[in-house]
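Quick notes on the structure that follows.
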Amino acid sequence: MTTVPSLSADYLRSLSPRTIRRYLASLSDRQVVDLYHDWRTWARPEQLPPPGDWWAWLIMAGRGWGKTRTVCEWAHEQAMTRPRSRGAIVAATAADVRDVLIEGESGLLSVARPHDRPVYEPSKRRVVWRNGSQATLFSADVPGRLRGPQFHWAIADELAVWRYEEAWDMLQLGVRLGNDPRIVVATTPRPTSVIRSLVKDASVVTTRGATYDNVKHLAPQFIDRIRAQYEGTRLGRQEIYGELLEDTPGALWTPAQIEALRVREAPEMRRVVVGVDPSVTTLGDEAGIIVAGVGIDGHGYVLADASLQASPHGWGSAAVKAYHTYSADRLVAEINNGGEMVELTIRTIDRHVSYKGVHASRGKRTRAEPVAALYEQGRVHHVGMLPSLEDEMCTWSTLDDAPSPNRMDALVWALTELMLEPPRGVGYGPQVWR
8 MTTVPSLSAD YLRSLSPRTI RRYLASLSDR QVVDLYHDWR TWARPEQLPP
58 PGDWWAWLIM AGRGWGKTRT VCEWAHEQAM TRPRSRGAIV AATAADVRDV
108 LIEGESGLLS VARPHDRPVY EPSKRRVVWR NGSQATLFSA DVPGRLRGPQ
158 FHWAIADELA VWRYEEAWDM LQLGVRLGND PRIVVATTPR PTSVIRSLVK
208 DASVVTTRGA TYDNVKHLAP QFIDRIRAQY EGTRLGRQEI YGELLEDTPG
258 ALWTPAQIEA LRVREAPEMR RVVVGVDPSV TTLGDEAGII VAGVGIDGHG
308 YVLADASLQA SPHGWGSAAV KAYHTYSADR LVAEINNGGE MVELTIRTID
358 RHVSYKGVHA SRGKRTRAEP VAALYEQGRV HHVGMLPSLE DEMCTWSTLD
408 DAPSPNRMDA LVWALTELML EPPRGVGYGP QVWR
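Numbering (this note's numbering), first residue to last: 8 to 441.
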């Protein structure tokens, strides 16, 4: 059967409505379906694979650029044009693989033509095409599963937020079958060591893009909101324009510093604390909730970031949950704004929590600098990736003494409680519940 020729969407839009109707009327029902699913017709030029003898294609672009659609279309094309090939589909978590890359609206099951759609076998963690090609699904949270299997091709989604660098190492070593093994990486950029090395690699082709490149397919309300909130900000440069940002002048931490101290697993903990920078409004502002501990080696370990945007009851529940999940010894919460309400919120959820309220009378920079010094001494380690917390740490500048982000405040309170004497100007609430 004759297939419909690939025509660019821009070319089709240049035709008159009458010409388009005549063209569509000349197609069979099958050809209309094929046209609808023909990625090379509808893709923007930068969403199509670049020419040349590249080993990896790195797509660094802002939110909503079309990264997921691009990598899934490429994976489907690889499977269909390379019968009986073996692929790997990897994302930060198993839920991301399933919900975004497989079942998402831009995932594999959506982009394929109905008669070419692969079969998803969740119990076997794979998708299988009718020509014998198959792709195994992996979570970057479990890098050991990538040790051993081998592939012709692979896609790596949001590599910059993978918790363990080892997952990327194992994936690279596994893509080794056939005469032309290739990987496509799609991510919003963050200055991790992996991303930096890929950008410098001569065998990697990099495509950069902004959210606005895909404005025709994004809700106007979304575009208006991100312009109002993030245009002109450092976060906007990263998340909207897809820029790979380097160190912020005046910041107390740098990405390279945190990366050098990162560990995959923490040792046995001597003491664990949950630090909380609460939100005291009913509108659901973000509350910082950080879990940290001191190991038997005397070093500090940042174990988890449970921060969220929620009402007082919402963040209180999340803080208490983190307290129990990590068998914490104490929950430390700033009470500058909430006063007794903060303790009441915690007590309403669990009256047995060991709670300490802390009140700060000096600037945030004064409180943060001793904690930053612990990092400089190599005494604090992040367990896996904590991207939102690390972004805040590395972008808050002390040059203008701007208010610190909530996650960083919670981190400072937790590590101060664990590893430092209370600094001058910091008073503790009179009641400690054990």
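No residue lacks a Cβ here, since even glycine has one placed at the ideal position from N, Cα and C. For clarity, every value in this text was computed on a predicted model and none was experimentally measured.
Based on DSSP bridge pairs, tell me the residues matched to residue i.
i           : result
residue 144 : 96
residue 278 : 301
residue 283 : 296 and 340
residue 315 : 294
residue 164 : 193
residue 214 : 66
residue 128 : 133
residue 404 : 258
residue 382 : The partner list for residue 382 (beta bridge, DSSP) is empty, contrary to what the question assumes.
residue 452 : Absent from the model: residue 452. The displayed extent of the chain is 8 to 441, so no value can be given.
Thinking C-alpha only, which one of the options is nearest residue i?
i           : options               : result
residue 293 : 227, 325 and 115      : 325
residue 269 : 394, 344 and 183      : 394
residue 298 : 340, 261 and 318      : 340
residue 225 : 72, 414 and 25        : 72
residue 100 : 237, 64, 318 and 150  : 150
residue 458 : 361, 47 and 173       : Residue 458 is absent from the structure shown; the chain starts at 8 and stops at 441.
residue 172 : 272, 157 and 126      : 272
residue 81  : 157, 53, 102 and 103  : 53
residue 372 : 416, 303, 138 and 256 : 416
residue 333 : 276, 55 and 51        : 276
residue 182 : 37, 420, 92 and 303   : 92
residue 157 : 176, 165 and 169      : 176
residue 56  : 44, 74 and 42         : 74
residue 5   : 187, 38 and 246       : It is not possible to answer for residue 5, since the shown part of the chain is limited to 8 through 441.
residue 46  : 187, 120 and 221      : 120
residue 159 : 356, 295 and 189      : 189
residue 104 : 32, 90 and 133        : 133
residue 392 : 374, 165 and 218      : 165
residue 48  : 18, 305 and 220       : 18
residue 304 : 278, 329, 286 and 314 : 278
residue 347 : 287, 374 and 250      : 287
residue 37  : 30, 58 and 122        : 122
Assuming residue i and residue j are in contact, meaning their beta carbons sit under 8 Å apart, how far apart are those beta carbons, in whole angstroms?
i           : j           : result
residue 7   : residue 97  : No answer is possible for residue 7: it lies beyond the span of the chain, which begins at 8 and ends at 441.
residue 178 : residue 144 : Wrong, their Cβ atoms sit about 13 Å apart, outside the cutoff.
residue 387 : residue 422 : 7 Å
residue 142 : residue 174 : At roughly 16 Å, the Cβ-Cβ gap does not stay under 8 Å, so residue 142 and residue 174 are not in contact.
residue 258 : residue 401 : 6 Å
residue 248 : residue 69  : 6 Å
residue 282 : residue 420 : 4 Å
residue 255 : residue 130 : Contact flag wrong, Cβ pair sits at about 46 Å.
residue 314 : residue 414 : 5 Å
Just the C-alpha distance for residue i and residue j, rounded to the nearest angstrom, thanks.
i           : j           : result
residue 307 : residue 389 : 9 Å
residue 427 : residue 309 : 15 Å
residue 234 : residue 321 : 28 Å
residue 195 : residue 252 : 11 Å
residue 261 : residue 239 : 21 Å
residue 118 : residue 301 : 48 Å
residue 192 : residue 380 : 35 Å
residue 184 : residue 162 : 15 Å
residue 78  : residue 85  : 10 Å
residue 266 : residue 203 : 12 Å
residue 319 : residue 327 : 12 Å
residue 377 : residue 418 : 12 Å
residue 432 : residue 364 : With a pLDDT of 43 at residue 432, under the threshold of 50, the modelled position of that residue is not reliable, and the figure given next carries that caveat. So the alpha carbons of these two residues sit roughly 14 Å apart.
residue 61  : residue 114 : 24 Å
residue 354 : residue 412 : 25 Å
residue 317 : residue 236 : 19 Å
residue 180 : residue 206 : 19 Å
residue 128 : residue 135 : 8 Å
residue 344 : residue 367 : 10 Å
residue 210 : residue 63  : 7 Å
residue 208 : residue 323 : 46 Å
residue 425 : residue 112 : 45 Å
residue 435 : residue 228 : The predicted model places residue 435 with a pLDDT of 44, which falls under 50 and marks its position as unreliable, so this point remains unresolved.
residue 200 : residue 24  : 51 Å
residue 441 : residue 336 : At residue 441, the pLDDT of 35 sits below 50, so the modelled position is not reliable and the matter cannot be decided from this model.
residue 21  : residue 88  : 31 Å
residue 34  : residue 40  : 10 Å
residue 110 : residue 383 : 44 Å
residue 50  : residue 43  : 12 Å
residue 430 : residue 349 : Bear in mind that the predicted position of residue 430 carries a pLDDT of just 41, short of 50, making it too unreliable to give a figure here.
residue 106 : residue 125 : 16 Å
residue 116 : residue 357 : 44 Å
residue 396 : residue 102 : 21 Å
Run the proximity test for residue i: is its beta-carbon closer than 7 Å to any non-hydrogen atom belonging to the ligand SAM?
i           : result
residue 381 : Ligands displayed in this structure: none; no statement on the ligand SAM is therefore possible.
Between residue i and chain D, is there a C-beta pair that is closer than 8 Å?
i          : result
residue 27 : As a matter of chain content, chain D is missing from the structure shown, which is built from one protein chain.
> Which ranges would you report for the alpha helix (DSSP H) in the stretch 35 to 116 if only whole runs of at least 4 residues count?
Replying inline: Whole alpha helix (DSSP H) segments, 4+ residues: 36 to 44, 46 to 49 and 74 to 88.
> Which runs of the alpha helix (DSSP H) fall wholly inside the stretch 233 to 274 and span at least 4 residues, in chain order?
Replying inline: Counting only runs of 4 or more, we get 241 to 246 and 262 to 267.
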